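Protein sequence lines correspond, in order, to chains Z and W. Numbering follows numbering that gives the first Met the number 0, with no gaps: position 233 of the first sequence is 232. Numbering follows numbering that gives the first Met the number 0, with no gaps: position 209 of the second sequence is 208. Data block below; observations after.
There are 2 protein chains.
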Amino acid sequence: MHSEVVSGANSTEEVTGKLRELIMNGTLVQGERLTETGLAARLAVSRTPIRLALATLEREDLVEGEPNRGFRVRRFSIEDMREIMEVRAVLEGMAARLLAEKGLEPEQDATLQDCLDGIAELIASKRHDPETFREFARINNRFHTSIATFAGNAALQRLMVRNPFRSAPLLHFLPNEEGHDALIDAQRDHIRVVDALRRGQGTRAEFLMREHGLLPLQRVEQLFTNISKNAADRHMDEAG
Amino acid sequence: MHSEVVSGANSTEEVTGKLRELIMNGTLVQGERLTETGLAARLAVSRTPIRLALATLEREDLVEGEPNRGFRVRRFSIEDMREIMEVRAVLEGMAARLLAEKGLEPEQDATLQDCLDGIAELIASKRHDPETFREFARINNRFHTSIATFAGNAALQRLMVRNPFRSAPLLHFLPNEEGHDALIDAQRDHIRVVDALRRGQGTRAEFLMREHGLLPLQRVEQLFTNISKNAADRHMDEAG
DNA sequence: TCGCACAGGATTGCATGCAATTCAACCGGA
DNA sequence: TCCGGTTGAATTGCATGCAATCCTGTGCGA
């Protein structure tokens with residue numbers, strides 16, 4: 000059974016990444032049971048790295064396991080999403096505050112300005128195709144990651160990169176007409192955050208960032224209702 | 000090889016707990032290399048649960064591992080401690096704010112009052128023996144855990160119980176003459192936090208709790224310098 | 001004396017076997 | 001028809017074997 004030989008030397012790492020991706024892009028649907036043998040066959044490794052990967056993903060809250068009963072893909076309710084985003088917003092706010100209090104190094108300033116410019120360009124292009132949105136996601140990610148890094152608190156940074164906040168499934172919302180508005184909203188927040196950072200206004204930076212972190216909430220809620228509706232429709236189709 | 004049979008059905012859980020304890024109480028010193036076989040022999044289990052436990056502890060930042068080179072007990076510098084405590088303070092502040100905004104249920108109010116009373120009693124006793132301090136630690140822990148729970152944000156609660164903030168080694172500072180003062184300081188903060196919670200003053204509760212979370216900083220710094228001094232002395236002894 | 005290659009041992013990483021537990025279907029009885 | 005008990009398959013949890021990798025110390029050459 001050599002369906003798909005894993006390339007890297009370290010299987011566990013690869014497996015963890017692959018599983019994370021499978022969960023996040025929805026291939027493994029929420030609530031789905033994950034058997035070690037099943038995954039082992041699917042990824043062409045033995046159960047050992049699978050088991051380790053699942054333990055890791057459990058700590059990331061992407062899967063949940065019960066003793067002697069294996070793992071399943073974690074179900075994210077809308078409340079879960081809200082809670083996760085609230086925590087993330089607070090942590091991002093903290094990062095912004097620390098950075099403002101420390102002051103921006105010139106090159107850090109340049110990096111953030113670069114992000115602002117990149118998004119401004121996307122907005123000016125007035126396009127709202129998927130690629131534009133993906134590019135926004137990349138720059139946006141760089142913006143937030145940079146602030147978390149520049150803040151200079153390793154413990155904070157670890158929490159932010161490791162935990163599922165950003166990676167929680169369903170945050171990959173699809174681009175649509177409103178996507179472009181989302182860009183504009185985000186950019187407005189970003190500009191103000193950077194302004195606060197430059198002026199060393201820690202509290203202002205903190206709370207701007209907090210609020211910014213809650214921006215996608217409405218969007219996610221809408222997405223949730225759409226998904227529920229689709230599920231209901233599909234159910235009716237089957238019944239019919 | 001039956002030196003110490005593990006009782007529970009689930010070895011991995013037990014092993015994780017035992018290792019966590021061994022690291023936290025200093026039996027496994029910082030920077031010490033952890034070999035799977037060594038630990039397996041020590042805890043009388045095979046390498047498999049050891050490996051899983053180490054993976055878990057790595058995510059808790061109690062050990063650090065390099066691929067193909069095993070794990071070592073994480074070294075905590077004073078800067079690490081400060082960063083960890085800063086993050087924890089922010090998260091505790093968030094919990095306090097959420098709880099204040101939600102309002103206290105009567106039984107929640109009673110639980111917190113119970114903690115206040117318990118510590119007040121310890122202070123009134125004017126004793127500063129180890130047992131008194133351990134009792135304080137228990138009540139203090141209950142106080143903070145309660146607030147984290149009552150806040151009603153599961154994601155936040157998970158972060159706070161799972162991560163090493165509280166459990167970071169060296170936070171088990173020894174009781175001494177100043178220990179009693181520490182109780183008084185803590186109690187003063189607790190009373191004000193509870194007051195803010197009762198009045199629904201979210202911002203006040205948040206910042207009181209943040210400040211409270213930084214209370215042990217000075218203490219930890221002192222402890223660090225003492226340890227360094229001791230280490231230096233020992234080194235000189237060896238050299239002499 | 002110093003630097004470097006190499007060999008042997010130690011250790012990790014992964015696969016797999018086996019016992020214990022859980023899950024599911026079936027069967028008998030009311 | 002419904003319900004509880006039982007049995008067998010599926011699955012997890014742990015132990016262990018083996019190959020690959022890394023570390024240590026030794027010997028050779030400059």
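C-beta: ideal position from N, C-alpha, C; glycine also. If you're wondering where the values come from, they're calculated on a predicted model, not measured in any experiment.
Judged by DSSP secondary structure, Phe70 of chain Z falls outside any alpha helix (DSSP H) and instead within the beta strand (DSSP E) spanning 69-72.
With respect to Glu35 of chain W, Leu155 of chain Z sits apart: the two C-beta atoms are not nearer than 8 Å.
The beta carbon of Leu103 of chain W sits closer than 7 Å to the beta carbons of Leu196, Arg197 from its chain, once the five residues preceding and following it are set aside; these are given in chain order. Short of 7 Å from the beta carbon of Asp184 of chain W, and not among the five residues preceding or following it, lie these beta carbons of its own chain, in chain order: Leu214.
Residue contact with chain W for Leu158 of chain Z: present (Cβ-Cβ distance below 8 Å to some residue of chain W). When DSSP states are grouped into helix, strand and coil, Glu20 of chain Z belongs to the helix group. None of the residues of the stretch 32-43 of chain W has a beta carbon lying less than 8 Å from any beta carbon of chain Z.
Here DSSP, grouped into helix, strand and coil, assigns Glu91 of chain W to helix. The secondary-structure analysis by DSSP pairs Leu213 of chain Z with nothing; it has no beta-bridge partner.
Between His179 of chain W and Phe142 of chain W the beta-carbon gap is near 18 Å, outside 8 Å, which marks them as no contact. Counting along the chain, the unbroken beta strand (DSSP E) around Glu63 of chain Z starts and ends at 62-65. Straight through space, the alpha carbons of Glu134 of chain Z and Ala119 of chain Z are spaced by roughly 12 Å.
Per DSSP, Gln156 of chain Z is one residue of the alpha helix (DSSP H) stretching across 153-161. Spanning the alpha carbons of Glu13 of chain W and Thr148 of chain Z requires a straight line of approximately 36 Å. As the crow flies, the alpha-carbon of Asp108 of chain Z is around 39 Å from that of Ala54 of chain Z. For Val14 of chain Z, no Cβ of chain W is located within less than 8 Å of the residue's own Cβ. Here DSSP, grouped into helix, strand and coil, assigns Arg126 of chain Z to coil. Remark: C-beta atoms of Gly201 of chain Z and Glu100 of chain Z approach each other more closely than 8 Å.
Three or more beta-carbon pairs separated by less than 8 Å link the stretch 82-93 of chain W to the stretch 203-221 of chain W, which places the two stretches in contact.
Taking the Cα positions, Thr110 of chain W is about 24 Å away from Lys125 of chain W. Note: Leu33 of chain W is bridge-paired with W:Phe70 in the DSSP secondary-structure output. Here Asn9 of chain Z carries a coil assignment [DSSP, helix/strand/coil]. Non-local beta-carbon contacts of Leu216 of chain W in its own chain, meaning distances under 7 Å to residues more than five positions away in sequence, involve Arg81, Met84 in chain order.
For Leu196 of chain W, not one C-beta of chain Z is nearer than 8 Å to its own C-beta.
In this structure, Val62 of chain W keeps its C-beta atom at 8 Å or more from the C-beta atom of Arg74 of chain W. The three-state secondary structure of Thr148 of chain Z, taken from DSSP, is helix. DSSP places Phe206 of chain W in the helix class (H, G or I) of the three-state scheme. Interface criterion not met: the Cβ of Leu61 of chain Z is under 8 Å from no Cβ in chain W. Listed along chain W, the residues sitting closer than 8 Å to Ala153 of chain Z by beta-carbon distance are Asp79, Glu82. Counting along the chain, Ala52 of chain Z sits inside the alpha helix (DSSP H) bounded by residues 46-58. In this structure, Leu18 of chain Z sits near Leu56 of chain Z, with a CB-CB distance shorter than 8 Å.
By the CB criterion at 8 Å, Ala95 of chain Z and Ile146 of chain Z fall inside the cutoff. Looking from the CA of Asn152 of chain Z, the closest CA among Z:Thr26, Z:Phe132, Z:Glu205, Z:Leu98 belongs to Z:Leu98.
Non-local beta-carbon contacts of Thr11 of chain Z in its own chain, meaning distances under 7 Å to residues more than five positions away in sequence, involve Pro48, Leu51, Ala52 in chain order. Taking 7 Å as the cut-off between beta carbons, the residues of the stretch 83-106 of chain Z near chain W are Ile83, Glu85, Val86, Val89, Met93, in sequence order. In the three-state DSSP reduction, Ala43 of chain Z falls in the coil class, being neither helix nor strand.
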